[in-house]
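Trainee: Below you'll find the structure I mean.
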Amino acid sequence: MAGDRFDVIVVGGGPAGATMSWALARQGINVAVLERTRFPREKVCGDFVEPAGLRLIRVMGCDAALDGPTRLPITANRVYFGPHLAYRNTIPYYDGQHGQPRHSLIIPRAELDAMLLQNAEDTGATVLMATEAGAVRREDGTNQVDIRCGDATRSLSAPLVIGADGFESLVGRSAGLQRRDRRHIGIARRMYLEGVEVDAGETTIWFDEDHIPGYGWMFPMPGGRANFGIGVLSESADRFGLSVPKIFGESLARLRLRHPGCRNARAASKPLGGVVKAYGGIDRNHFHGGLLIGDAGSFVDPITGEGITQGMESAIIASRTVVAALAAGRFDADFLGRYDTEFRAHFDPSMLYVGFCAAIMRNWHFREILWRVTRRGFERANADPEFGRVAGAGFGGVDVQPRAILIQLWTAVFGHLARGGVDAVSALLAGRAPGGGAHDMLGDLGAWHRGWQASIADDAAWHYAWLADVARAFARMGPALATTENPRVRGLEI
Amino acid sequence: MAKARSRKASPAKAASARPEVAIIGGGIAGLSAALRLAQRGFAVTVFEAKPELGGNMSSTTVHGIDHDVYPHMFCDWYANFWTIFEQDLGFARATHFEPQDGVKLLELGAETYLDLRNPSTLATVWENLTSGILSVPEMIVLMFSMLDLAAYPFGGDVTDNLERIDVNGFLYSRGYVTEDVAKVHNYILTLVWSMNSDVTAAKTYQDFLRHFSSFPNEQPLAWLLRGSLRQKIVQPLADKLRDLGVTVHTETMVTALDIIDGRPRLTVEARNGVAAPQPFDNAIIATPAGAMIRLAMGAPGEDPATKIVAVEPRIAQLQHFRDAAIPVVDIYFKKKLAGVPQGQIGLKGSPMMLSVIDISQLWETSSMLRERTALVLAASDAFAIPAVGPEARGFAMIEQLHRWLPIFNPGKHWGDPDSDIEWAMSHFRANDTNRLFIDDVTSWAFRPTAGDPAALPNIFLAGDYCQSSADMATIEAAVQTGLLAAQALQAADARSHGKMRGEPITLAVEQLDGGAKLLAAKLALLPAAYGASAWAALSESLANPGGERPGTENYPLLLPLSYTLDWWKTAYSLALQLAPELKSASLADAGKTTLLKAADLLQDFARRQPGRGDPRPPPSELATTFSAFAGAAMRAAEAALTKAARGKPPAPDAPYKRRWRVKP
Ligand SMILES: Cc1cc2nc3c(=O)[nH]c(=O)nc-3n(C[C@H](O)[C@H](O)[C@H](O)COP(=O)(O)OP(=O)(O)OC[C@H]3O[C@@H](n4cnc5c(N)ncnc54)[C@H](O)[C@@H]3O)c2cc1C
Ligand SMILES: Cc1cc2nc3c(=O)[nH]c(=O)nc-3n(C[C@H](O)[C@H](O)[C@H](O)COP(=O)(O)OP(=O)(O)OC[C@H]3O[C@@H](n4cnc5c(N)ncnc54)[C@H](O)[C@@H]3O)c2cc1C
C-alpha cells in the first residue's frame, strides 16, 4: 500500500512530541504526530511543572493549561528526613528571572498532554490518535513508518522521523540507540490522593532509609486532591532488593503519621508504576534520518526525575535541526549531529552537575553521610534563604548554577570542618565542653568511614567501578563549571 | 675493517672458534659476566690482582678463620644477584641467609635497643612511629619525607639541574622537614654508605628509597649470610666457573691494556714476573673506577695512541670519582656476651659512626663460634679514627664500642691478655684497597653505561660505578653491570658473526612501584605530614620557648601556605604522570583528561576486585590495620570530646534510626 508522505513524522504525542509538532507546524512544515492512545489518557507522572516549563507552555499559547481555578500555584515546600521536618519554607529560587512565573503548577497529565497536542493540531499538525507506530525502516534515504490504527495497517513515509515515544522508545530501538543502564534509570510509583488538607501551594517531599537514592512526594491540587508517589534508582532497588510497591505502601502510612494535613488522606486512584531514564546515560540522540527527544532521548533530571520541561525544551532545540535539515536536504547522521551539540550546550551546564551529585548518591552505603549532609543543608537553607536560593536549586529547580553551588557548598564544608576542628582542639586544650561543630564533623567523618568500609565489604568490584563513574561524572562536569550562566534559566529563543 | 684485518692476522680464529674474552677484575661484577659468557660458549679468562676472588665481597682467611671485607646486607630486591645465587648456583635463599626486617639503634647509655623497621607494612609503620627514635610527629615527617623523595619526579635527564641536588638540598626545599628529621636522614646515609647527606645525590637516595618503598610488602628488607662471603658465595661461584671451563688467574694484575688492530691486548704481571702481551677478541674491565682509569689512560712512558683514552677522551673526566675505606675489626671474645641482639646495630651518635653485627648468632655454628661471641665492628667514618698503627686503630674502635656496649672488658691495648677478647682470632683491616664507591652529587652524569659497545672497540666496562638501575654502589649494581657488559659483548659478537652465540643474555627486571602510585600516596598523606610538622614545631616551642634557631618561631604559620603549594605541585606532577599529553593542554582540559584517566585506572582496578558473593581473600594486613587504626582514632576522638563535655551527651543526631517503621 502506498504510504502517505510527510516532511516529518513524530512518533508519540506527549509533551515532547506535541511541542515538536507545534514548532514545526507553525513554520508550515508538513508534520504528522502518531499517538498510540486516544487522548485524554493517563500518564504516570508527578504532574509537577516547574516555572521554566510554564513559561514555555505560555509561549506556545496554551494559557488554558495554566490558568483557572483548577490550578494551585506551588510556592512553598516541606522536607522530611525520616520523621524530622528539616525544611518548611517558601521555595527560595522562584524569583521570576527571565519571565518565569514565581510558582510551579501541578497539572494532571491527562489534561496537559491533551491541551498541548490539541494546540499542535490547531497550529496545523496532522494528529493521528490511536495510531501505533509498529516499525521504522530506512529505505532509499527516507523513513517508512508502519502504523496500525485499530485493525488497519499501512505505512507512512518521511525523510525525518522524530522519536518522542517515551522511555521505551520504538524509534530509538529501531535506530539501535537502546538504553538499559540501570545506573541511569529510576523506577517510580504514584497515585492520586484525596482528603488532603494542606496550606495552599505547599508541596511535601521526604527522604527515608528504605528508598535511597530516591525520594517521595506529595503535590497538592485543589479540592483536597494530591499527586503522591515515590521514586528510587533502579540499580539500588536491584542490588538491595528494594520493593517499590512495599515502600510505596509504607510511605503513605508514614506520611499520614508525619504530616498533620495528610492524616485523612485516602487513595483516589490505582497506584501505577513508571520508569524514567536520566540525562547522564546518553551517548547520542541522532541517527540516519532522525532524532530522539523527551524521554526517548533520556532528558530526565537525574535527581528530581522531572522530564516534562526537559522534553519540551529538547523538542524546541531539535526542531531547529529539523528545519535546517529540510532546508539543506540533508538527513544523514553527520548533519543531524548538530542537534547533539546544541542540546548539550543547553543542558550540560546544569544537568552534568546534577548528574555528578546523582552519581555520588548511587552508593547506597553512603546513605548515612549523604543523609547527614543534605539534611544539614536543608536546615541551613531554612534559616538562610540566600543559601537555599543557590544550593537548593540543585534540587528541584531549573536554576542550577554549578559554579555558584560548588563555591557555596565548599565554603560551607570548609567552614564546617574548620569550625569543627577549632572547636574540638580549643575545647580539649581548655578542658571544656566542645560545641556542636566538633560533633558534627566527627560524626561526618565516622559516617563516611563506615560507608566506605561497608561498600567495599559488600562488593569491592562495584565500589571501585562506582568511584570511576564518579570521577568520570566530575570530569565531564568540569568544563560546564566555567559557564557562569545556566542557559536553561534564560530559556530558549522561539 | 679493523676487525677483518685482525682476523686475518690470526687465522687460527675462524668465525666458529670460541672468541677469547678477558675479564679484568674478579669482583662480583667480573664473576657475573664470566659466568654468563662461559655459559654461552665464550672462552673466558679472569685476571684478579689479589690472591682471593670477590673484591669487595672477598674474605681473608687467617688461621682458618674467614674475615669478610664486610658481612654484606643482601637486600631483597637484588633480583639479578638472587637469580645467580638461586638459579645458577642452585642454593636455597632461606637455607643460607637469615632474613632481616630492619636495623636496631643503640643510644649511648641506653639499655634497650630502638627498632627501625622497613615501613613496608602498616604494622611496621606503626612500630616505627612509636619506636622512640624521634617523637611521633617527627617520625611521621621522616617517613613521609622518604615517600616524598621516592615520589619526586626527577627529569631523568643528565643535564637536568634537579639531578644535581644533594639530599640536604632536597630536604630543605620541603616545607615540613624539621632539623631532627634531616639529621636522621644523614645518619642513615652515613651508616649505610659512609657519606653525608650533603654529598649524596638526592636522585641516588631516591633510587634507594624507591627500591624499598613497595608497599605493602611482606618480604623481609634484606638478608644476612649464615657464613662468610668466601664460603657461601665466592667459592661456590669460582667452582661453578671452573666447571664451565673458565680460566682464573689470581694474583695476576693487568698492568696495561692497549688497543691493537681494534682488539684489546693485555699485559699482565703475576708473581713469576711480567708475561708477554697477550691479544684477546674482547675484554671486560670489571675493576673499580680508579684501576679502570689507570688502564684507560696508561702509565707515563707508554704510547697514548693505543690507549682507551685516545678513542674515548671523556674517560679522563672520571678521575674525580670518590671512594671511601671502611675499617672493620672482627672481635672474637673468650666467652658468650649476653644480650646482644641479632642483626645490624647502629651505635647512634658514635663519632666513628660504628655499626656492629654479631656473627656468632648468624653463622652456622662451628666449634669455634659455639663457645664465644664474635662481633664485626665497622666504622663508617674512617676519618674519626686516630691515625695510628693498624692494631691501635682497631683498638680505638673497640674502645668506642665499649662505651656504647659496656658488657665486656676490652683490656688496655690490642693484644692485652687481661681482657675478654681472644686476640689471636680477632682481625683488623683498614680496607684501604677494598673501597666503597661514593655516589656523590654530580657523579651520575659522568658514570659510564656498562658495556656501551658504541664507545669502545671490543672493550666493555662493568663495576658498581657504572650506571645501573640500582644506582647506589651495591652488590646488585655490580651484578647488573657485569650482566650488561656480557650482554653487550654477546650482541657485538652476534653482529660481527651474523649469529647469536647461545641464548641472549637477559637481566631480571624488577617491578618497582610506579611514580604515579608513589605520588598518589604522597598526595593522600600530605595532610598528615604537614599536620605532624606543625605538631612537632608546636611541641618544640612549648618545650623550649625562645627556640634554638632564631627566626623559625613563625614557621608553623607559614606551613599552610607551603602545604597548599606542595599539594598542587604534587597533584600536577601526578596528572602529568598519568597523562603526559597534558603538558600542552589548557587547565580545564588537563583536569578533565586526568580524571578520565584516573577513572580508567579505577575501572581496571575494579575488574580485579571480588564482586558481591565472590570468594573473598582474607582481609589484607593493610586493610585490617588501617580500619582498626582509623576506627580507634575516631572512637578516641569521640570519647575525648564526650569526656570533655563532662558527661553531657552530644546533641541527638540520630535521624537515621528506623523510627518510621509502621505496623501494618
Ligand atoms: C512516576 C513519575 C513521576 C514523574 N514526575 C514528574 C514531575 O513531577 N514533573 C516532571 O516534569 N516530570 C515528571 N516525570 C517525567 C515525565 O513524566 C516525563 O519526562 C515526560 O512525560 C516525558 O514526556 P515525553 O513526551 O518525552 O514522553 P511521554 O510523556 O512518555 O509520551 C510518550 C507518548 O508516546 C506514545 N507512544 C509510545 N510508543 C508509541 C508508538 N509506538 N506509537 C505511537 N505512540 C507511541 C505514548 O502513548 C505517549 O503518549 C515523572 C515520571 C514518572 C515515571
Ligand atoms: C665495607 C663495604 C661494605 C659494603 N657493604 C655492602 C652491603 O652491605 N651491601 C651491598 O649490596 N653492597 C655493599 N658494599 C658494596 C659492594 O661490596 C660492591 O658494590 C661490590 O662488591 C662491587 O663489586 P665490583 O665487582 O664492581 O668491584 P670490586 O668488588 O671492587 O671488584 C674489583 C676487583 O678487581 C680487582 N682489580 C683491580 N684492579 C685490577 C687489575 N689491574 N688487574 C686485575 N684485577 C684488578 C680488584 O682486586 C677486585 O677484586 C660494600 C662495600 C664495602 C667496601
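Chains as they are written, first to last, in my numbering: chain A, 1 to 494; chain B, 1001 to 1664. Backbone N, C-alpha and C define an ideal beta-carbon position, used for all residues, glycine too.
Ends of the beta strand (DSSP E) at Lys277/A?
Mentor: Here residue 277/A refers to the residue found at position 277 of the first sequence. Looking at the DSSP string, the run of the beta strand (DSSP E) that includes Lys277/A is 272 to 277.
Trainee: Can we say the segment 1233 to 1241 of chain B touches the segment 1098 to 1114 of chain B, given the rule of at least three CB pairs closer than 8 Å?
Mentor: Because the criterion of three Cβ pairs below 8 Å is not met, the segment 1233 to 1241 of chain B and the segment 1098 to 1114 of chain B do not touch.
Trainee: Pop quiz: Pro1220/B and Gln1100/B are said to be a contact at Cβ under 8 Å. What is the actual Cβ separation, rounded to whole angstroms?
Mentor: As a first step, residue 1220/B is located in the second sequence; it is residue number 220 there, counting from the start. As a first step, residue 1100/B is located in the second sequence; it is residue number 100 there, counting from the start. At roughly 6 Å, the Cβ-Cβ gap stays under 8 Å, so Pro1220/B and Gln1100/B are in contact.
Trainee: If you measure from the CB of His1211/B, is any heavy atom of ligand 2 nearer than 8 Å?
Mentor: As a working note, residue 1211/B is residue 211 in the second sequence. No, Cβ of His1211/B sits at least 8 Å from all heavy atoms of ligand 2.
Trainee: Where does Glu1020/B fall in DSSP's three states?
Mentor: On the second sequence, residue 1020/B is found 20 positions in, with the first residue counted as 1. Three-state DSSP puts Glu1020/B in a strand.
Trainee: Would a check of beta-carbon distances place His463/A closer than 9 Å to chain B?
Mentor: Within the first sequence, residue 463/A is the residue found at index 463, counting from 1. Chain B contact via Cβ: present.
Trainee: I believe Leu255/A touches Cys262/A by the beta-carbon criterion, under 8 Å. Please report the beta-carbon distance rounded to the nearest angstrom.
Mentor: Position 255 of the first sequence, counted from the start, is the residue given in the question as residue 255/A. Position 262 of the first sequence, counted from the start, is the residue given in the question as residue 262/A. With a Cβ gap of about 5 Å, Leu255/A and Cys262/A count as contacting.
Trainee: My output table needs one value for Ser243/A: the three-state DSSP class, helix, strand or coil.
Mentor: Taking the first sequence and counting its residues from 1, one reaches residue 243/A at position 243. For Ser243/A, the three-state secondary structure derived from DSSP is coil.
Trainee: At the level of alpha carbons, what is the spacing between Val1254/B and Leu1518/B?
Mentor: Here residue 1254/B corresponds to residue number 254 of the second sequence, with the count starting at 1. Here residue 1518/B corresponds to residue number 518 of the second sequence, with the count starting at 1. So the two alpha carbons sit approximately 46 Å from each other.
Trainee: Examine chain A for any beta-carbon lying closer than 9 Å to the beta-carbon of Ala1606/B, and answer yes or no.
Mentor: By 1-based counting over the second sequence, the position of residue 1606/B is 606. Output row for Ala1606/B: interface = yes.
Trainee: Looking at ligand 1, does it come within less than 8 Å of Gly311/A, judged from the CB to the closest heavy atom?
Mentor: In the first sequence, residue 311/A corresponds to position 311, counting from 1. Because some heavy atom of ligand 1 lies under 8 Å away, the Cβ of Gly311/A counts as near it: yes.
Trainee: Tell me where the alpha helix (DSSP H) around Gln1206/B begins and ends.
Mentor: Start at 1 with the first residue of the second sequence, and residue 1206/B comes out as number 206. It spans 1202 to 1212 - the alpha helix (DSSP H) in which Gln1206/B sits, taken as one unbroken run.
Trainee: If you run the structure through DSSP and keep just helix, strand and coil, what is Leu1507/B?
Mentor: Mapped onto the second sequence, residue 1507/B falls at position 507. The three-state reading of DSSP puts Leu1507/B in coil, since its state is none of H, G, I, E or B.
Trainee: In whole angstroms, what separates the C-alpha of Gly431/A from that of Tyr1563/B?
Mentor: If you number the first sequence from 1, residue 431/A lands on position 431. If you number the second sequence from 1, residue 1563/B lands on position 563. Residue placement at Gly431/A is flagged as unreliable, the pLDDT there being 49, under the threshold of 50; a coordinate-derived value is accordingly withheld.
Trainee: Mind checking if Ala1520/B is an interface residue toward chain A, Cβ cutoff 9 Å exclusive?
Mentor: If you number the second sequence from 1, residue 1520/B lands on position 520. Output row for Ala1520/B: interface = no.
Trainee: When you compare each of Lys1569/B, Ala1571/B, Leu1602/B, Ala1529/B to Val1136/B by their alpha carbons, which one comes out closest?
Mentor: Here the question's residue 1136/B lines up with position 136 in the second sequence. Nearest of Lys1569/B, Ala1571/B, Leu1602/B, Ala1529/B to Val1136/B, Cα basis: Ala1529/B.
Trainee: In chain order, which alpha helix (DSSP H) runs of at least 4 residues are fully inside the segment 1307 to 1354 of chain B?
Mentor: 1308 to 1311
Trainee: Using a cut-off of 9 Å between C-beta atoms, extract the partners of Ala468/A located in chain B.
Mentor: Taking the first residue of the first sequence as position 1, residue 468/A is located at position 468. Those are Ala1598, Ala1599, Asp1600, Leu1601, Leu1602, Gln1603, Asp1604, Phe1605, Ala1606, listed as they occur along chain B.
Trainee: With C-beta atoms as the reference, is Glu1476/B less than 9 Å away from Tyr1078/B?
Mentor: The sequence position of residue 1476/B within the second sequence is 476, counting from 1. The sequence position of residue 1078/B within the second sequence is 78, counting from 1. Yes, Cβ-Cβ distance for Glu1476/B and Tyr1078/B is below 9 Å.
Trainee: My output table needs one value for Ala333/A: the three-state DSSP class, helix, strand or coil.
Mentor: Within the first sequence, numbered from 1, the residue matching residue 333/A stands at position 333. Helix, per DSSP.
Trainee: Please confirm if Arg535/A has its CB atom under 9 Å from at least one CB of chain B.
Mentor: Because residue 535/A is not part of the residues shown, which for chain A are 1 to 494, the question remains open.
Trainee: Ligand 2 and Ala1291/B: does any heavy atom of the ligand fall closer than 8 Å to the residue's C-beta?
Mentor: Your numbering for residue 1291/B matches position 291 in the second sequence. Yes - ligand 2 has a heavy atom lying nearer than 8 Å to the Cβ of Ala1291/B.
Trainee: For Phe1408/B, which three-state DSSP category applies?
Mentor: As a working note, residue 1408/B is residue 408 in the second sequence. When secondary structure is reduced to three states using DSSP, Phe1408/B falls in the coil class, being assigned neither helix nor strand.
Trainee: Compare the C-alpha of Pro213/A against each of Asn30/A, Arg376/A, Ser236/A and name the closest.
Mentor: Counting from one through the first sequence, the residue named residue 213/A turns up at place 213. Nearest of Asn30/A, Arg376/A, Ser236/A to Pro213/A, Cα basis: Ser236/A.
Trainee: Can you give me the start and stop residues for the alpha helix (DSSP H) that Cys1466/B sits inside?
Mentor: Taking the first residue of the second sequence as position 1, residue 1466/B is located at position 466. Premise fails: Cys1466/B is in no alpha helix (DSSP H) and is neither H nor E.
Trainee: Cys357/A lies in the alpha helix (DSSP H); which residues open and close that run?
Mentor: The residue labelled residue 357/A in the question sits at position 357 within the first sequence. 338 to 361 is the span of the alpha helix (DSSP H), which, as asked, contains Cys357/A.
Trainee: Would you kindly work out how many angstroms separate the C-alpha atoms of Gln1319/B and Ala1291/B, rounded to a whole number?
Mentor: Position 319 of the second sequence, counting from 1, holds the residue named residue 1319/B. Position 291 of the second sequence, counting from 1, holds the residue named residue 1291/B. Each residue's alpha carbon lies about 10 Å from the other.
Trainee: Considering just the uninterrupted stretch of the beta strand (DSSP E) at Gly290/A, what are its terminal residues?
Mentor: Residue numbering aside, residue 290/A sits at position 290 when the first sequence is read from its first letter. It spans 290 to 292 - the beta strand (DSSP E) in which Gly290/A sits, taken as one unbroken run.
Trainee: Given a threshold of 16 other Cβ atoms within 10 Å of its Cβ, counted over all protein chains shown, does Phe1614/B qualify as buried or as exposed?
Mentor: On the second sequence, residue 1614/B is found 614 positions in, with the first residue counted as 1. With the sequence shown as reference, residue 1614/B is identified as Asp, and Phe is not the correct amino acid for it. Asp1614/B counts as exposed, since fewer than 16 other beta carbons sit within 10 angstroms of its beta carbon.
Trainee: Taking 9 Å as the cut-off, decide whether the C-beta atoms of Thr126/A and Ala32/A are in contact.
Mentor: Position 126 of the first sequence, counted from the first residue, corresponds to residue 126/A. Position 32 of the first sequence, counted from the first residue, corresponds to residue 32/A. Result yes, Cβ atoms of Thr126/A and Ala32/A sit closer than 9 Å.
Trainee: Can you confirm whether Ala1517/B, when its beta carbon is compared against all beta carbons of chain A, has any partner nearer than 9 Å?
Mentor: On the second sequence, position 517 is the one that residue 1517/B refers to. Contrary to the premise, residue 1517/B reads as Lys rather than Ala in this sequence. Not one chain A Cβ lies under 9 Å of Lys1517/B.
Trainee: Please classify Glu1399/B: is it buried, with 16 or more other beta-carbons within 10 angstroms of its beta-carbon, or exposed?
Mentor: What you label residue 1399/B is simply residue 399 of the second sequence in a count that begins at 1. Under this definition Glu1399/B is an exposed residue.
Trainee: Helix, strand or coil, according to DSSP, for Ala32/A in the structure here?
Mentor: By one-based count along the first sequence, residue 32/A stands at place 32. Taken through DSSP and simplified to helix, strand or coil, Ala32/A comes out as strand.
Trainee: Can you list the residues of chain B that Phe331/A reaches, using a CB-CB cut of under 8 Å?
Mentor: Indexing the first sequence from 1 puts residue 331/A at position 331. What Phe331/A touches in chain B: nothing, since even the nearest Cβ is about 33 Å away.
Trainee: Can you confirm whether the segment 1430 to 1438 of chain B touches the segment 1177 to 1195 of chain B when touching is taken to mean that 3 or more C-beta pairs between the two stretches lie within less than 8 Å?
Mentor: Segment contact: the segment 1177 to 1195 of chain B against the segment 1430 to 1438 of chain B, three or more CB-CB distances shorter than 8 Å; contact assigned.
Trainee: Could you tell me whether the segment 76 to 92 of chain A touches the segment 53 to 62 of chain A, where touching means 3 or more Cβ pairs closer than 8 Å?
Mentor: By the Cβ test, the segment 76 to 92 of chain A is not in contact with the segment 53 to 62 of chain A, since fewer than three Cβ pairs between them sit closer than 8 Å.
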